[in-house]
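Residue numbers (the working numbering), protein chains in the order written: chain S, 416 to 829; chain V, 416 to 829.
Right, here's the structure in full:
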């Protein structure tokens with residue numbers, strides 16, 4: 416099996432605020448063609464350490480991938496230092512400069528002179544075009560080893576890796592493929608999920624199973640290795656089905672889909688429409704729903720009703736409901752979803768009202784208290800949650816619970 | 416100034432699902448006493464690579480910190496490999512075994528024999544007690560350098576570092592402190608910012624300046640080191656002011672504040688209110704504004720008007736505007752912000768309508784075309800952008816441009 420090392424370059428990745436995340440995506444990709452990542456290094460804009468790191472990596476590993484440090488400014492040193500590490504010259508690439516000038520003209524600007532630095536490439540390297548940015552990548556073959564150099568922004572690096580480097584590495588990786596599948600589970604904790612499914616995955620030792628906790632859901636990762644991709648996929652499909660049967664409706668995705676994609680597909684399949692009324696989530700649910708391209712087929716509109724006045728004005732929530740029960744109550748949540756459904760003439764409406772914190776909690780309704788309302792063809796109902804966590808976490812958990820409540824209501828109707 | 420390297424040990428940290436995060440906390444701690452982190456390595460349970468990594472780190476850096484690999488099982492190799500890397504023996508530490516047996520008895524269990532491995536320590540190392548787990552840490556002084564070895568779980572590592580290692584390093588760090596400041600810039604590219612401010616920061620070589628591109632803005636990071644924290648802060652304040660003067664209103668934050676915090680503070684200071692009408696951003700602007708705790712003081716409400724029907728119904732946009740100019744037009748953007756301001760009775764209203772993609776673009780209005788409307792005390796206006804990037808990026812850039820447009824309008828009024 417081929418081994419790989421990943422080097423993330425940039426002094427900002429050595430601060431307390433930021434770290435490398437590209438390597439997670441790259442590892443998943445490399446694993447999928449049977450390549451194992453053995454070491455990761457994060458190094459700053461420090462010529463000596465970077466040169467040593469690249470040199471050592473090429474001694475130890477078959478594949479070395481660097482990300483970052485290809486920008487136009489002086490602290491972007493990857494080009495010259497990697498050339499030095501492999502003992503080659505940097506050469507000026509005229510077509511690249513022309514291409515850069517054209518790109519800047521397309522943005523209605525003249526190319527600043529410092530961007531000329533981005534037209535230098537390592538002698539003998541294959542130039543990897545970057546459709547999403549001004550820094551090209553490079554691929555070098557050195558005595559049967561590979562050095563691949565990418566810009567840091569994920570949206571630039573990822574398509575370049577997939578198009579130009581993955582196929583080359585796959586050809587050299589000896590034919591073992593790794594299949595991977597992710598199930599997503601809502602409304603259950605990590606240990607509860609494990610208790611239910613441990614007997615199932617332990618009976619299937621040729622699949623590597625791990626249970627991971629993300630901020631709003633539990634993920635079950637299944638991994639199988641085989642020389643026959645179809646066989647690995649079939650093994651995963653069978654295990655995935657057994658796990659889904661055991662967990663029931665708590666499993667909302669068996670192929671890594673997000674909650675907003677799952678809900679969107681349910682609505683699109685039925686030709687039904689949705690509207691949303693948000694208080695403490697402030698637009699987060701609308702944002703998540705509209706992240707899905709084509710969501711205009713089913714998403715009509717949303718109201719972010721942060722003040723009491725706006726709950727009355729925009730949704731027709733009666734003043735006495737707000738006075739008698741408070742803005743954070745089952746009654747208000749239900750009046751919000753019913754008002755939204757009626758005004759927007761949608762098939763379904765969901766609403767959220769709660770206390771995201773850090774202030775505003777009381778003994779009776781502590782921070783994290785959230786009411787979710789639903790109005791649909793069969794009427795209006797609501798559910799209460801008390802979420803642990805800080806403001807951001809409470810808001811994300813509330814948005815997930817609202818979308819999951821909608822999902823369960825739609826499934827119940829069918 | 417002392418330099419440090421951090422080595423995270425464990426094969427699970429080389430999977431696509433997990434990565435080292437201990438180093439972020441450690442970096443913050445080390446920076447606070449003037450120690451700079453120059454390199455981070457993540458290495459698996461691989462004896463050869465780990466030994467080489469520790470040896471190289473001790474050659475390059477004054478302080479080497481490892482986390483992980485101290486458990487009782489066979490894949491926990493940090494003890495024996497770090498001993499080998501520094502050329503010392505592992506010695507059996509009787510009091511540690513007694514302590515471990517006691518600890519297990521406290522949990523009502525007999526110590527498994529395998530845990531005896533945790534009673535071996537590197538010859539000459541100071542043993543660092545672990546009140547929260549069974550793996551002790553170690554601190555070695557080697558020719559004026561330090562090797563500190565910790566277990567991986569943050570709740571074990573952190574108190575051990577603070578109690579036993581931080582004071583020792585502080586004594587040796589010469590009393591230098593590091594100050595850090597982040598300026599944020601909107602509406603300019605990375606190279607344009609660099610062209611303007613390079614002469615300024617180059618005249619100030621005792622401050623380390625780096626220019627970073629994030630998805631919606633440019634960040635200018637300033638770092639100064641000094642024995643006198645007040646002096647370092649003063650140097651940064653002066654440079655920050657010079658850069659702000661040169662870039663003008665494009666600098667929206669000089670202390671790392673986010674755009675939504677800056678806009679919120681402008682509104683709160685003036686006692687003024689805001690409402691938002693969003694089409695292609697789908698709730699993102701509302702979500703960002705309400706991420707700020709206390710935003711209910713100035714944020715009244717938002718409307719996510721995804722369909723044409725909802726633009727008319729919820730905001731009173733006239734049908735003939737939509738028919739004559741299209742939903743993505745200056746006229747619609749202005750009608751949206753004017754409608755929102757009137758209905759919500761806010762002091763300011765902003766609106767966004769555009770084509771986020773991937774579909775829906777035309778020759779005349781390609782994907783990325785976004786109109787932003789503003790209505791305030793002096794009337795209504797709008798501005799057009801064509802943003803590069805995919806759906807997510809267009810939406811984020813549109814949300815940033817809208818908040819920035821609002822910011823500039825408020826500043827113009829005062």
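Virtual Cβ for every residue (Gly too), placed ideally from N, Cα, C.
For residue 807(S), the chain V residues whose Cβ falls inside 9 Å of its Cβ are 706, in order along the chain. Residue 765(V) and residue 817(V) do touch by the CB rule: their CB atoms are close to 5 Å apart, below 8 Å. The criterion of a C-beta distance shorter than 8 Å is satisfied by residue 427(S) and residue 636(V).
About 5 Å separates the beta carbons of residue 659(S) and residue 666(S), which is inside the 8 Å limit, making them a contact pair.
Here residue 791(V) is bridged, per DSSP, to 794(V). Residue 446(V) sits buried, since 16 or more C-beta atoms from the chains shown fall within 10 Å of its C-beta. Residues of chain S whose Cβ lies closer than 8 Å to the Cβ of residue 416(V) do not exist, since the nearest Cβ in that chain is about 13 Å away. Neighbourhood of residue 487(S) in chain V, by CB distance below 9 Å: 605, 606 and 609, in chain order.
When the Cα atoms are used, residue 573(S) and residue 457(S) turn out to be separated by approximately 19 Å. Per the C-alpha coordinates, the member of 790(S), 612(S), 577(S) and 702(S) positioned closest to residue 745(S) is 790(S).
Note on residue 568(S): 16 or more other CB atoms within 10 angstroms of its CB, so buried under the neighbour-count rule. For the pair residue 698(V) and residue 717(S), the CB atoms are nearer than the 8 Å cut-off. At a cut-off of 8 Å between beta-carbon atoms, residue 715(S) makes contact with chain V. Here residue 756(V) is buried: its Cβ has 16 or more other Cβ atoms, across all protein chains shown, within 10 Å. Of all residues in the stretch 509-534 of chain S, those with a C-beta nearer than 8 Å to a C-beta of chain V are 522, 524, 527, 529 and 530, reading in chain order. For residue 636(V), the nearest CB of chain S lies under 8 Å from its own CB, placing it at the interface with that chain.
At a cut-off of 8 Å, the C-beta of residue 773(V) has a neighbouring C-beta in chain S. Setting aside the 5 residues that flank it on each side, residue 740(V) is surrounded in the same chain by 746 and 747, each with a C-beta closer than 8 Å to its C-beta; the list follows chain order. From the beta-carbon of residue 461(V), the residues of chain S found nearer than 7 Å are 453. Scanning chain S for C-beta atoms nearer than 7 Å to the C-beta of residue 430(V) yields 442, reported in chain order. Residue range 723-730 is occupied by the alpha helix (DSSP H) that includes residue 730(S), with no beta strand (DSSP E) assigned at that position. A residue is called buried when at least 16 other Cβ atoms come within 10 angstroms of its Cβ; residue 820(V) meets this threshold and is buried. By the rule that beta-carbons nearer than 8 Å mark a contact, residue 683(S) does not touch chain V. Contact between the stretch 778-798 of chain V and the stretch 627-645 of chain V is not established, with fewer than three Cβ pairs separated by less than 8 Å. Counting only the Cα atoms, residue 516(S) lies some 43 Å from residue 734(V).
If you draw a 10 Å sphere on the C-beta of residue 545(V), you find 16 or more other C-beta atoms in it, and that means buried.
Straight-line spacing of the CA atoms in residue 770(V) and residue 700(V) works out to 16 Å. The bridge partners DSSP lists for residue 769(S) are 785(S).
Residue 752(S) and residue 420(V) have their C-alpha atoms some 54 Å from each other. Between residue 677(S) and residue 810(S), the C-beta gap is not smaller than 8 Å, which leaves the two residues out of contact.
Counting only Cβ-Cβ distances below 7 Å, residue 446(V) has contacts in chain S at 431, in chain order. Scanning chain V for C-beta atoms nearer than 8 Å to the C-beta of residue 720(S) yields 716, reported in chain order. Between residue 714(S) and residue 721(V), the C-beta spacing is below 8 Å. Against chain V, the CB of residue 744(S) has no partner CB under 8 Å away; the residue lies outside that interface.
Per DSSP, reduced to three states, the secondary structure at residue 763(S) is strand. Look at residue 548(V) here: in three-state DSSP terms it is coil, with no helix or strand label.
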